[in-house]
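In this text, residue positions in the sequence shown follow my numbering: the first is 418, and each later residue adds one.
Glycine is no exception: its CB is placed at the ideal position from the N, C-alpha and C atoms.
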Amino acid sequence: MAQDAVGRKMNIPKNIIICGNPGTGKTTLIKEALMPFKKKVSGFMTEEIRGAEGREGFRMISMDGRHGILASKMLNSCLKLGKYRIDAAVIENIAVVSMLEGLEKRDLIIIDEIGAMETVSEKFTETAVKCLLSANPVLATARLGSKPFEKEFRNMENTEVLTLDRSVYPSVSKKVKEWLAHWSDKLADKNNP
418 MAQDAVGRKM
428 NIPKNIIICG
438 NPGTGKTTLI
448 KEALMPFKKK
458 VSGFMTEEIR
468 GAEGREGFRM
478 ISMDGRHGIL
488 ASKMLNSCLK
498 LGKYRIDAAV
508 IENIAVVSML
518 EGLEKRDLII
528 IDEIGAMETV
538 SEKFTETAVK
548 CLLSANPVLA
558 TARLGSKPFE
568 KEFRNMENTE
578 VLTLDRSVYP
588 SVSKKVKEWL
598 AHWSDKLADK
608 NNP
């Protein structure tokens, strides 16, 4: 069990899930927090694609640099959510593959994000659940109020759900950085006996 600066025992969860409304900085927080740890993680992140008229879609990027267009207004796909068409092949070739690689390498796994677009892929949903239930630590994001996800996350053993908005950004960021440092050290010890 980890200790704080004055030696008190701290309970560090295996999983942290950051829930927030769109635009509250979930992905930005993870990018900032990951800077010192990037080589020690697997998984993926999702970024907005912005154009002259605002958000045009979403790009999925694995931690090792593979990327593709997850969703776009212009995509040729029969899968649609709101105004966006979704490419399930990108979900399975980037998100699913990178999560499975993380499980195999026993890495810390980033899942940004567990949402309605990503879960159009049954393989994605199965793999995300497998990661959350595995021995690997997982840092994930989800939209605040996601149904049924948020309620299920809150009921998961050894998982802490952090609600993010601009007023608590600094404290959530600090907690995530401490969590990353703890698990990074623990995984380094495990992988280098």
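If you compare alpha carbons, which of the options is closest to residue i?
{"i": "ILE434", "options": "SER601, SER563 and SER584", "result": "SER563"}
{"i": "GLU530", "options": "LYS431, ALA450, THR444 and VAL458", "result": "THR444"}
{"i": "LEU446", "options": "GLY532, SER601 and VAL593", "result": "VAL593"}
{"i": "ASN438", "options": "LEU604, GLY519, THR558 and SER590", "result": "THR558"}
{"i": "GLU464", "options": "SER601, HIS599, GLY440 and GLU470", "result": "GLY440"}
{"i": "ARG583", "options": "GLY442, LEU597, ALA552 and MET516", "result": "GLY442"}
Quick one: Cα of residue i to Cα of residue j, how far?
{"i": "GLU521", "j": "VAL514", "result": "11 angstroms"}
{"i": "VAL585", "j": "ILE526", "result": "24 angstroms"}
{"i": "CYS436", "j": "ILE478", "result": "20 angstroms"}
{"i": "TRP600", "j": "PRO554", "result": "7 angstroms"}
{"i": "LEU604", "j": "LEU451", "result": "15 angstroms"}
{"i": "GLU574", "j": "LYS568", "result": "12 angstroms"}
{"i": "PRO587", "j": "ARG472", "result": "26 angstroms"}
{"i": "PRO453", "j": "LYS540", "result": "30 angstroms"}
{"i": "ALA598", "j": "LEU581", "result": "20 angstroms"}
Give me the Cβ distance between residue i and residue j, rounded to the nearest whole Å; I'm assuming they're in contact under 8 angstroms.
{"i": "ILE508", "j": "GLU535", "result": "6 angstroms"}
{"i": "MET480", "j": "VAL458", "result": "5 angstroms"}
Can you tell me whether residue i is buried or exposed? The criterion is at least 16 other CB atoms within 10 Å of its CB, across all chains shown.
{"i": "ALA506", "result": "exposed"}
{"i": "VAL546", "result": "exposed"}
{"i": "LEU498", "result": "exposed"}
Entirely within the stretch 515-593 and at least 4 residues each: give me those alpha helix (DSSP H) ranges in chain order.
With a minimum length of 4 residues, the continuous alpha helix (DSSP H) runs that stay inside the stretch 515-593 are 539-550 and 566-572.
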